[in-house]
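As structure tokens, the structure follows; a few thoughts come after it.
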Amino acid sequence: MDYWKITNIETMSSIDEGIDDMKDPHLKSASSYNELEDLLNE
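Going by this note's numbering, the residue at position 31 of the sequence shown is 32; the numbering climbs one at a time, nothing skipped.
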């Protein structure tokens, strides 16, 4: 069994979407738990 291979297309798509989101300079970021909680509650 190959543990390093991602065979699920949905999982790979989610990873790609997350990477694309991290490249977007217009997205807000958080540097603490409280900031993260505030962003998630928006």
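Ideal placement from N, C-alpha and C gives every residue a C-beta, glycine not left out.
- Residues of the same chain with a CB within less than 7 Å of the CB of Leu40, apart from the 5 flanking positions on each side, are Lys29 and Ala31 in chain order.
- Taking the CA atoms as reference points, Asn9 sits about 29 Å from Leu37.
- Straight-line spacing of the CA atoms in Lys24 and Ile16 works out to 13 Å.
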